[in-house]
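Below is one structure; the comments refer to it alone.
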Amino acid sequence: MPAFILSRLLQLVPVVLGMTLLAFALARLIPGDPVETMMGERGIDPAHHAAMRHALGLDRPLAVQYLDYLGGVASGDLGRSLVTKAPVLGEFLTVFPATVELSVIAVAFAIAVGLPVGVIAAVRRGSAFDWLAMTASLTGYSMPVFWWGLLLILLFSVHLGWTPVAGRIDVLYDVPPVTGFLLVDTLIARDGAAFASALHHLVLPAIVLGTIPLATIARMTRSAMLEVLQADHIRAARAKGLTSFRVVFVHALRNAMIPVVTVIGLATGTLLAGAILTETIFSWPGVGKWLVEAVRRRDYPVLQGGILLVAGAVVCVNLLVDVLYGLLDPRIRHAAR
Amino acid sequence: MIPASAPSGIGDPPPAGASSWRLFRRNRGALIGLSVIAAVAATAVLAPFLAPHGPAEQFRGALLQSPMWMEGGSAEFPLGTDPLGRDLLSRLLWGGRVSLTVGFFVVAAALLAGVVLGALAGFARGLTGILIMRLMDLMLALPSLLLAIVVVAVLGPSLINAAVAVGAVQLPHFVRLTRGAVLAELGKEYVIASRIAGAGPLRLALSTVLPNCAPPLIVQGTLGFSTAVLDVAALGFLGLGAQPPTPEWGTMLADSLAFVQRAWWVVTFPGLAILVTVLAFNLLGDGLRDIFDPRLKR
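Line by line, the protein sequences are chains A and B. Following my numbering from start to finish, the first sequence increments by one per residue and tops out at 382. Following my numbering from start to finish, the second sequence increments by one per residue and tops out at 1021.
Dropping the structure here:
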């Protein structure tokens, strides 16, 4: 097992280095000269310009500049935002928990609904429920997230008034940030009303973000179950006289879970892409909204550092899934060698 | 469903599309998907004749007018008008042109570049292959929409740049698929036979191996079409794609965001157009996959 983890870690090195190269290149590819951007539209004389370039280290060879950047990244220095002047890493750490909280609840919702739907659809293959569930999941899979969010806001927030339109919590609550996860922080502060408000704000965005994973999980579970239900050990279990509930939920589901777990784990990237849109619609102060605003404001250090951090997070989650998967299924661990 | 030519020997090339059309007609999902795509494409092509008004024509006297079946609506603007008094139906029809054209060029470019790079990585293993595949891994590690946003940030927001961004996002999928298919085919006996007969690498690639890698690429291309339509609309929605007054569906949604509460139709119809088009391509793609690979039939 340690060898398996080590080999996975080694495979990451070129990917992570490539990421830094990409982020570094991004800053060079952007049109415009950094000195002129800093000095504004007044313009400066060539001597002063050259001096500024030297002060910023822009006259050094690209390779040296890259190594310098790499050193900064390694020590946690990702530059400062052009707009707020705050360190990029600090800004990321304040918005990241909001995205994680939203994503975790969204995935929990997707699993809680998608798994049983997929199982029932497989067991009742060809029934009206199966047809309905698969049609709905194909529709959910094709859904433009930004439009879906708007429709739900229109229905539940505007017409029915059940949920708030935007934000994470009512402004009147002041919760001391401990973990950055409002559901946890409000519990730590023992503030029931604030917890309810945070939950209230979370429901609709989580449903919107969870829709595509839900559709994927339902489809994956159904096809994995269909395959497993034909296996010999299921026939044996039925022959032993076990109840069909036990056969389906204990003997079949456990094996059907293997491909489903992979899909859930590897959906991190899709989830983050969905989070960008969901957060924009619901004014959810997370990574997605932060990055979109950075593009609009041309805040390139934020964009540069942000993509590096997001990519790093995706890579870490994928590694975690890989390792967990190797733990669960010895066949994969051995095939990877 | 097993195709007629299923019991083929290992050395034969995979079955050609002789029985595919028969299978296709029996696949209801694929048939529905194709019909809807044909309908959307027809309305898009015929937009200049079907649309009651020009896509940018503004009627100052009819701002945010309701659809014709509602109170205050008129047959002149069947689906109502947007905040600038433009006919929604006309803009949707012209928008179909934008989405389908962009989708087509995105998929065609990504497919072409992907096949070339993938075949290169498959045939020329060694440094070239490794470099190509590592670069693709890198692109896959970033969330698709984020990668597209980064490309747009560098190039500047416009419809063309959004298309380039969306195409770049799709590229790795085609490269990996082609390389995998090439590697799988290269070991087969018909390829070895062709090589022994004296076929050079280019001939081997173009006339022997690649035609037999087509099915998964066709499926991926169809599904890629739906992703392209969706991603271009998403970029338009974020203000990073087509710029107003281009009648692009996502941009139309973003333009009328402030009027959601007063006029449900300005957001409902463009979104519905996106959903129907994407759904049709997904149906067709899923159906084609079942046809080409009956083992995966769900």
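Every residue gets a Cβ at the ideal spot worked out from N, C-alpha and C, and that includes glycine. In this text, all values refer to a predicted model and were calculated from it rather than measured experimentally.
Backbone CA spacing between residue i and residue j [nearest angstrom]
{"i": "B:ALA847", "j": "B:LEU906", "result": "11 Å"}
{"i": "A:ARG267", "j": "A:ALA260", "result": "11 Å"}
{"i": "A:GLY353", "j": "A:VAL360", "result": "Reading off the sequence shown, one finds Leu at residue 353 of chain A, where the question assumed Gly. Whole-angstrom Cα-Cα distance: 10 Å."}
{"i": "B:SER731", "j": "A:PRO189", "result": "For B:SER731, the predicted model reports a pLDDT of 41, less than 50, meaning its position is unreliable and no value from the coordinates is stated."}
{"i": "A:GLY310", "j": "A:GLY357", "result": "15 Å"}
{"i": "B:ALA785", "j": "A:ILE262", "result": "46 Å"}
{"i": "A:ALA239", "j": "A:PRO221", "result": "11 Å"}
{"i": "A:SER172", "j": "A:ALA166", "result": "8 Å"}
{"i": "B:PHE782", "j": "B:MET791", "result": "16 Å"}
{"i": "B:VAL920", "j": "B:VAL932", "result": "According to the sequence displayed, residue 920 of chain B carries Ala and not Val. When rounded, the distance between both Cα atoms is 15 Å."}
{"i": "B:ARG1012", "j": "A:ALA181", "result": "20 Å"}
{"i": "B:ARG1022", "j": "B:ARG926", "result": "What is shown of chain B runs 724 to 1021, which leaves residue 1022 of chain B out entirely."}
{"i": "B:LEU816", "j": "B:ASP810", "result": "10 Å"}
{"i": "B:ALA916", "j": "A:MET302", "result": "43 Å"}
{"i": "B:ARG1021", "j": "B:TYR913", "result": "For B:ARG1021, the pLDDT reaches just 41, beneath the cut-off of 50, and the residue's location in the model is therefore unreliable, leaving the point undetermined."}
{"i": "A:LEU138", "j": "B:SER789", "result": "46 Å"}
{"i": "B:THR1000", "j": "A:PRO47", "result": "48 Å"}
{"i": "A:PHE49", "j": "A:ALA96", "result": "51 Å"}
{"i": "A:ASN300", "j": "A:HIS278", "result": "11 Å"}
{"i": "A:VAL128", "j": "A:PHE141", "result": "19 Å"}
{"i": "B:ALA922", "j": "B:ALA753", "result": "38 Å"}
6 Å CB neighbourhood of residue i in its chain, flanking five on each side removed
{"i": "A:ARG382", "result": "Only weak support exists for where A:ARG382 lies, its pLDDT of 44 falling under 50; the value from the coordinates is given anyway. Same-chain partners within the cutoff: there are none."}
{"i": "A:VAL223", "result": "ASP230, ILE233"}
{"i": "A:LEU177", "result": "none"}
{"i": "A:LEU336", "result": "GLY351"}
{"i": "B:LEU884", "result": "In the sequence as displayed, the identity of residue 884 of chain B is Asn instead of Leu. Only VAL875, LEU878 meet the Cβ criterion."}
{"i": "B:ALA891", "result": "VAL874"}
{"i": "A:THR325", "result": "LYS334, VAL337"}
{"i": "A:VAL362", "result": "THR313"}
{"i": "A:VAL366", "result": "GLY310"}
{"i": "B:LEU746", "result": "ILE1014"}
7 Å Cβ shell around residue i - same chain, five flanking residues per side excluded
{"i": "A:SER126", "result": "VAL133, GLU136, ASP344, PRO346, VAL347"}
{"i": "B:LEU863", "result": "PRO895"}
{"i": "A:LEU364", "result": "ARG53, LEU57"}
{"i": "A:ALA170", "result": "At residue 170 of chain A the sequence reads Arg, which differs from the Ala that was named. LEU271."}
{"i": "A:VAL168", "result": "VAL293"}
{"i": "A:VAL305", "result": "ILE262, MET265, THR266, ALA269"}
Burial state of residue i (16 or more Cβ within 10 Å)
{"i": "B:PRO775", "result": "exposed"}
{"i": "B:GLY910", "result": "exposed"}
{"i": "A:THR65", "result": "buried"}
{"i": "B:GLN943", "result": "buried"}
{"i": "A:HIS296", "result": "buried"}
{"i": "A:HIS246", "result": "buried"}
{"i": "B:PRO934", "result": "exposed"}
{"i": "B:GLY994", "result": "buried"}
{"i": "B:GLY734", "result": "Any reading at B:GLY734 must be qualified, since the residue scores a pLDDT of 48, below 50, and its modelled position is unreliable; no value is offered."}
{"i": "A:ASP219", "result": "exposed"}
{"i": "B:ALA727", "result": "Interpretation of B:ALA727 is limited by its pLDDT of 42, a score under 50 that renders its predicted location unreliable; the figure taken from the coordinates is listed afterwards. Classification for B:ALA727: exposed."}
{"i": "A:ILE150", "result": "buried"}
{"i": "B:PHE772", "result": "exposed"}
{"i": "A:GLN349", "result": "buried"}
{"i": "B:ARG902", "result": "buried"}
{"i": "A:LYS130", "result": "exposed"}
{"i": "B:ILE1014", "result": "buried"}
{"i": "B:ARG748", "result": "exposed"}
{"i": "B:ILE725", "result": "Note on B:ILE725: pLDDT 40, under 50, position unreliable in the model; the coordinate value appears next. Counting Cβ neighbours within 10 Å, B:ILE725 comes out exposed, since fewer than 16 surround it."}
{"i": "A:SER328", "result": "exposed"}
{"i": "B:ALA729", "result": "For B:ALA729, the pLDDT reaches just 41, beneath the cut-off of 50, and the residue's location in the model is therefore unreliable, although a value from the coordinates is still provided. So B:ALA729 ends up on the exposed side."}
Contacts around residue i, its chain only, beta-carbon distance under 8 Å, and the 5 residues preceding and following it disregarded
{"i": "A:LEU197", "result": "LEU249, ILE252, VAL253"}
Closer than 7 Å: residue i CB and nearest the ligand MG heavy atom
{"i": "A:LEU66", "result": "Questions concerning the ligand MG fall outside what the structure shown contains, since it holds no ligand whatsoever."}
Next on the checklist: Measuring CB atoms only, is the segment 865-879 of chain B touching the segment 926-938 of chain B, in the sense that at least three cross pairs come out at less than 8 Å?
Outcome noted: No, the segment 865-879 of chain B is not in contact with the segment 926-938 of chain B.
Item to check | Residues within the segment 887-912 of chain B neighbouring chain A, beta-carbon criterion of under 8 Å | outcome: The segment 887-912 of chain B vs chain A, Cβ under 8 Å: nothing.
Checklist entry - What residues in the segment 51-70 of chain A have a beta carbon less than 8 Å from any beta carbon of chain B? => result Within the segment 51-70 of chain A, the residues whose Cβ lies closer than 8 Å to any Cβ of chain B are, in chain order, PRO59, VAL60, GLY63, MET64, LEU67.
Checklist entry - Should the segment 986-995 of chain B be called in touch with the segment 851-871 of chain B, which here means at least 3 C-beta pairs below 8 Å? => result Output reads no: the segment 851-871 of chain B does not touch the segment 986-995 of chain B.
Item to check | Given 8 Å, three or more beta-carbon pairs between the segment 971-982 of chain B and the segment 792-801 of chain B | outcome: In short, these stretches do not touch, since the Cβ pair count stays below three.
Checklist entry - At a cut of 8 Å, does the segment 309-323 of chain A reach the segment 277-290 of chain A through at least three beta carbon pairs? => result Counting Cβ pairs under 8 Å, fewer than three are found: no touch.
Next on the checklist: Does the contact criterion of 3 or more C-beta pairs under 8 Å hold for the segment 172-191 of chain A versus the segment 1005-1015 of chain B?
Outcome noted: Touching, yes.
Next on the checklist: Whether or not the segment 754-765 of chain B and the segment 800-812 of chain B are in contact is what I'm after, with contact meaning three or more pairs of Cβ atoms, one per stretch, closer than 8 Å; do they touch?
Outcome noted: Judged by Cβ distances under 8 Å, the segment 800-812 of chain B makes no contact with the segment 754-765 of chain B, as fewer than three pairs qualify.
Checklist entry - Would you call the segment 814-828 of chain B and the segment 951-960 of chain B touching, i.e. three or more CB-CB distances under 8 Å? => result Verdict: yes, contact present.
Checklist entry - Quick one, which residues of the segment 157-187 of chain A are near chain B if we go by CB-CB under 9 Å, in chain order? => result Here the close residues are MET179, LEU183, THR184, TYR186, SER187.
Checklist entry - For the segment 856-869 of chain B, which residues have a CB atom closer than 7 Å to at least one CB atom of chain A, in sequence order? => result For chain A, the residues of the segment 856-869 of chain B that bring a beta carbon within less than 7 Å of one of its beta carbons are ARG857, ASP860, LEU861, ALA864, LEU865, PRO866, SER867, LEU868, LEU869, in chain order.
Checklist entry - Which residues, in order along the segment 952-977 of chain B, keep a beta-carbon less than 8 Å from a beta-carbon of chain A? => result Cβ contacts with chain A come from LEU953, ALA956, ALA957, PHE960, LEU961, GLY962, LEU963, GLY973, LEU976.
Item to check | Under 8 Å (Cβ pairs) to chain B, residues found in the segment 346-367 of chain A | outcome: Of all residues in the segment 346-367 of chain A, only LEU348, ILE352, VAL355, ALA356, VAL359, VAL360, ASN363 come within less than 8 Å of chain B when Cβ atoms are compared, listed by chain position.
Checklist entry - When you check each C-beta in the segment 96-130 of chain A against every C-beta of chain B, which residues fall closer than 8 Å? => result Contacts with chain B (Cβ-Cβ distance below 8 Å) from the segment 96-130 of chain A involve no residue at all.
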